[in-house]
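Structure record follows, encoded as structure tokens.
In our numbering, the protein residues as written are 27 to 184.
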């Protein structure tokens with residue numbers, strides 16, 4: 027079974043950085059995913075431009091033209107990752123906190139307030155991926171779960 031999806035990428039035009047955010051069933055959902063990421067990071071962009079490229083991709087520039095979001099239409103044969111989840115129980119959360127020696131100022135996905143979880147799922151389009159990071163109290167990415175504490179990833183998905 028193949029399906030058409032719209033995949034978000036954040037990329038630096040001059041430094042060859044390209045980070046995949048997630049894949050969505052519609053281009054509108056992909057745009058909403060970008061906006062959810064901006065909301066989480068309290069980014070307010072007034073100068074947003076939407077440009078369709080010759081290849082059909084949608085490029086979204088905002089403020090600094092060195093960086094761009096790009097939404098590409100593609101065909102995949104696998105299913106999209108799940109966006110639904112059940113919250114982990116207190117014992118499961120405590121077990122993970124102990125296993126990874128998580129400091130009190132960091133939060134697992136399941137410990138975040140529902141609005142932050144909702145935005146993260148929309149921004150990443152994948153619950154498993156959202157659960158693979160640690161966050162601050164406002165749902166902003168700190169680092170990958172299990173990575174060394176000094177590895178700060180606040181811009182990991184920019």
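Glycine residues also receive a C-beta, built at the ideal position from the N, C-alpha and C atoms.
Residue 128 carries a coil assignment under DSSP once its states are collapsed to helix, strand and coil. Bounds of the alpha helix (DSSP H) holding residue 59 are 53–66. Residue 154 sits away from residue 102, with the two beta carbons spaced by 8 Å or more. According to the DSSP assignment, residue 148 belongs to the alpha helix (DSSP H) that extends over 140–150. Rounded to whole angstroms, residue 140 and residue 111 show a C-alpha spacing of 12 Å. Taking every protein chain shown into account, the CB of residue 91 has fewer than 16 other CB atoms within 10 angstroms, so this residue is exposed. In the three-state scheme derived from DSSP, where H, G and I count as helix and E and B as strand, residue 121 is classed as helix. Membership of residue 155 in the alpha helix (DSSP H) is indicated by the continuous run 153–156. The residue among 40, 65, 80 and 163 with its C-alpha nearest the C-alpha of residue 99 is 80.
In this structure residue 161 is buried. Its beta-carbon is surrounded by 16 or more other beta-carbon atoms within 10 angstroms.
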